[in-house]
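Participant:
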Amino acid sequence: MKTTFSAFSVIGRLRIGQQLYGAFACVLVLTAAIGGVCLFSMNQAHNTSQVLAAKWLQGVGQLSTVRMAVIEARQFEVKHGHTEDSSYYGEYEEKMTQAAKAVESSMRAYESQVAGEAETALLTSFKKNWAAYTQAQQKVIALGRDKKHTDAVDISDGLASSAIDDAGSSLDKLSQFNLDGGTAAAALSNEFFTRTTWILKAMLAVALLVGLGLATLITRHLRKQLGGELHTASGVARAAAAGDLSTVIEVRADDHHSLMALLKAMQNNLTGVVANVRSNAENVATASAEIASGNLDLSQRTEQQASALEQTAASMEQLGATVRQNADNAR
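Okay, here's the thing in structure tokens:
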């Protein structure tokens, strides 16, 4: 509750433009943050997929090619060591040469992506075992060419077989290392996806709550300031400006400071002023009528007094004439 009042007090000190700009700015900042997290997540997902595709999956493919070439080399080496028909030697040796080239080509491509001491050690072990097998293979070929078929079979079934088993074991470890790396990369990608999903959900929830909270606070504050709809307030002001003070304005009983409450107070005051002016005008009219009537009576009395004075003057003249006449008669 205190937080709400505090927010109201802070918002109340801002102008409407500042309130709206602030609300939109908060929403835009949160939107930008969500967009930034999305872009970062997409970049991380892209990097992880690149590592998975370019390193681990490609490595597994290259090692699979090496495995097939190793198996092919071993097959033709066994055929070479166990046959006494020298007419096949050229074909078998050509196949073994092609297989060896395939192993070398694929291993060069694989070696360019090797990273870390563990993988380097596994690669070194395979190269060592493969070199041991190729030496045994060359012995089988040489013994076959020398028509020492028993010795060739012994080398093929003994030394060459042991060497190819060691090479195959090293190759298995390399393949498993790449499979484990791919699995770890996939797990990391899945973990990152899950974490990012929760972060985005949380940020969306915060954005919605902040947007809804700001909208609610600003709307309540504006409604508290206005006390009603803005078009109603403008209609009341327009009617008052036109001289119509009869508009009914409805406000809450505890509303004394909103725009509608002030408009109602202004309307009531203007109505009182107009009533007082009208009453005073009527009193002035009555007094003016009384003054006019008194002036008329005064004028009439003045005329009467003037007439009486004229009569008195005439009587005095007659009296004076009579006195003069009596005086003349007395002489």
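One point on numbering: in my numbering, the residue at position 39 of the sequence shown is 1261, and numbering is uninterrupted. Every residue gets a Cβ at the ideal spot worked out from N, C-alpha and C, and that includes glycine.
(1) Confirm, please, whether the CB-CB distance from residue 1449 to residue 1487 is below 8 Å.
(2) Would you report the Cα separation of residue 1534 and residue 1541, rounded to the nearest angstrom?
(3) Give the single residue among 1517, 1264, 1250, 1362 whose Cα lies nearest to the Cα of residue 1297.
(4) Taking contact to mean 3 or more Cβ pairs, one atom from each stretch, closer than 8 Å, check whether the region 1367 to 1380 and the region 1336 to 1352 are in contact.
(5) Give the DSSP-derived three-state secondary structure of residue 1428 in the structure shown.
(6) For residue 1461, tell me which candidate among 1295, 1485, 1473 has the shortest Cα-Cα distance.
(7) Within the same chain, show all residues whose beta-carbon is closer than 6 Å to that of residue 1433, passing over the 5 residues directly before and after it, in chain order.
(8) Quick check on the DSSP output: the alpha helix (DSSP H) that includes residue 1287 runs from which residue to which?
(9) Three or more C-beta pairs under 8 Å: does that hold for the region 1489 to 1507 against the region 1462 to 1470?
(10) Alpha carbon to alpha carbon, how far is residue 1413 from residue 1475? Give it in angstroms, no decimals.
(11) Tell me where the alpha helix (DSSP H) around residue 1344 begins and ends.
(12) When you compare only the Cα positions, how much space is there between residue 1378 and residue 1317?
(13) Specify whether the region 1383 to 1394 and the region 1420 to 1432 touch according to this definition: at least 3 beta carbon pairs, one from each stretch, less than 8 Å apart.
(14) Counting only the same chain and skipping the five closest in sequence on each side, list residues whose C-beta sits under 6 Å from that of residue 1469.
(15) On the three-state DSSP scale, how would you describe residue 1476?
(16) Tell me which residue opens and which closes the alpha helix (DSSP H) that residue 1375 is part of.
(17) Flag this pair as touching only if the region 1324 to 1336 and the region 1277 to 1284 have three or more C-beta atom pairs under 8 Å; answer yes or no.
(18) If I measure Cβ to Cβ from residue 1374 and keep anything under 7 Å in the same chain, skipping five residues before and after, which residues do I get?
(19) Helix, strand or coil: how does DSSP classify residue 1468 here?
(20) Using a Cβ cut-off of 8 Å (strictly closer), state whether residue 1518 contacts chain C.
(21) If you follow the alpha helix (DSSP H) that residue 1327 is part of, which residue opens it and which one closes it?
(22) Below 8 Å on the Cβ atoms is my contact criterion, and I expect residue 1347 with residue 1392 to pass it. Report the Cβ-Cβ distance as a whole number of Å.
(23) Hey, residue 1270 and residue 1429 are a contact pair by Cβ (cut 8 Å); roughly how many whole angstroms apart?
(24) To which residues of the same chain is residue 1336 closer than 7 Å at the C-beta, ignoring the five residues directly before and after it?
(25) Use the C-beta contact count for residue 1436: other C-beta atoms within 10 angstroms, 16 or more gives buried, fewer gives exposed.
(26) Reducing DSSP to helix, strand and coil, say where residue 1550 ends up.
(27) Cα-Cα, which of 1508, 1407, 1358, 1352 is closest to residue 1326?
(28) For residue 1426, which residues from the same chain have a beta carbon less than 7 Å from its beta carbon, with the 5 sequence-adjacent residues on both sides left out?
Facilitator: So, from the listed chains and residues:
(1) As a position in the sequence shown, residue 1487 is number 265, starting the count at 1. As a position in the sequence shown, residue 1449 is number 227, starting the count at 1. No, they are not a contact pair.
(2) Residue numbering aside, residue 1534 sits at position 312 when the sequence shown is read from its first letter. Residue numbering aside, residue 1541 sits at position 319 when the sequence shown is read from its first letter. So the alpha carbons of these two residues sit roughly 10 Å apart.
(3) As a position in the sequence shown, residue 1297 is number 75, starting the count at 1. Among 1517, 1264, 1250, 1362, the Cα nearest to that of residue 1297 is on 1362.
(4) no
(5) Residue 1428 sits at position 206 when you count from the first residue of the sequence shown. Residue 1428 falls in the helix class under three-state DSSP.
(6) The count along the sequence shown starts at 1 and reaches residue 1461 at position 239. Measuring from the Cα of residue 1461, the nearest candidate turns out to be 1485.
(7) Here the question's residue 1433 lines up with position 211 in the sequence shown. So the qualifying residues of the chain are 1249.
(8) Residue 1287 sits at position 65 when you count from the first residue of the sequence shown. Segment 1280 to 1304, the alpha helix (DSSP H) holding residue 1287.
(9) yes
(10) As a first step, residue 1475 must be located in the sequence shown, where it is residue number 253. As a first step, residue 1413 must be located in the sequence shown, where it is residue number 191. Between residue 1475 and residue 1413, the C-alpha separation is close to 59 Å.
(11) The residue given as residue 1344 occupies position 122 in the sequence shown. 1339 to 1367 is the span of the alpha helix (DSSP H), which, as asked, contains residue 1344.
(12) Numbered from its first residue, the sequence shown carries residue 1378 at position 156. Numbered from its first residue, the sequence shown carries residue 1317 at position 95. Put simply, the backbone Cα of residue 1378 is about 16 Å away from that of residue 1317.
(13) no
(14) For this step, residue 1469 is matched to residue 247 along the sequence shown. Closer than 6 Å at Cβ, skipping near neighbours: 1458, 1461.
(15) Numbered from 1 along the sequence shown, position 254 holds the residue referred to as residue 1476. Three-state DSSP puts residue 1476 in coil, outside helix and strand.
(16) Within the sequence shown, numbered from 1, the residue matching residue 1375 stands at position 153. Unbroken alpha helix (DSSP H) run through residue 1375: 1371 to 1377.
(17) The region 1324 to 1336 vs the region 1277 to 1284: in contact.
(18) Here residue 1374 refers to the residue found at position 152 of the sequence shown. Counting only Cβ-Cβ distances below 7 Å, and skipping sequence neighbours, we find 1303, 1362, 1365, 1366.
(19) Start at 1 with the first residue of the sequence shown, and residue 1468 comes out as number 246. Residue 1468: coil per DSSP, three-state reduction.
(20) This model lacks chain C altogether; it includes just one protein chain.
(21) Indexing the sequence shown from 1 puts residue 1327 at position 105. Note, residue 1327: alpha helix (DSSP H), 1311 to 1333.
(22) The residue given as residue 1347 occupies position 125 in the sequence shown. The residue given as residue 1392 occupies position 170 in the sequence shown. Going by Cβ atoms, the distance from residue 1347 to residue 1392 rounds to 5 Å, so yes, they are a contact pair.
(23) Counted from its first residue, the sequence shown places residue 1270 at position 48. Counted from its first residue, the sequence shown places residue 1429 at position 207. That pair is no contact at about 27 Å.
(24) As a first step, residue 1336 is located in the sequence shown; it is residue number 114 there, counting from the start. So the qualifying residues of the chain are 1342, 1345.
(25) Stepping through the sequence shown from its first residue, residue 1436 is reached at position 214. It counts as buried.
(26) Here residue 1550 refers to the residue found at position 328 of the sequence shown. Of the three classes helix, strand and coil, the one that applies to residue 1550 here is helix, per DSSP.
(27) Position 104 of the sequence shown, counted from the first residue, corresponds to residue 1326. Looking at the Cα atoms, 1352 is the closest of the given residues.
(28) Locating residue 1426 in the sequence shown gives position 204, counting from the first residue. Counting only Cβ-Cβ distances below 7 Å, and skipping sequence neighbours, we find 1256.
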